[in-house]
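Working notes for the structure below.
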Amino acid sequence: MKSFFFFCHLEKILEFCIFCAFVWVVLKGFLDFILMER
């Protein structure tokens with residue numbers, strides 16, 4: 007039971023990391039685009 011809970015927790019952390027990475031890439035691309043336009 008404990009290992010199952012740990013696995014679910016790990017999955018949540020993994021989803022969060024993927025989401026953060028996606029947001030970071032989008033923001034970085036957006037900033038690069040703005041800087042290139044100027």
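Counting along the sequence shown from 1, when you hit position 29 you're at 35 in this note's numbering, and nothing is skipped either side.
The beta-carbon is built from N, C-alpha and C at its ideal position, and this holds for glycine as well.
If you're wondering where the values come from, they're calculated on a predicted model, not measured in any experiment.
Contacting residues, own chain, Cβ-Cβ under 7 Å from residue i (five flanking each side not counted)
i: residue 32; result: none
Beta-carbon contacts of residue i that lie in its chain and below 6 Å, excluding the five residues immediately before and after
i: residue 41; result: none
Min CB distance residue i to chain D below 7 Å
i: residue 26; result: Within the model displayed, chain D is absent; a lone protein chain is all it includes.
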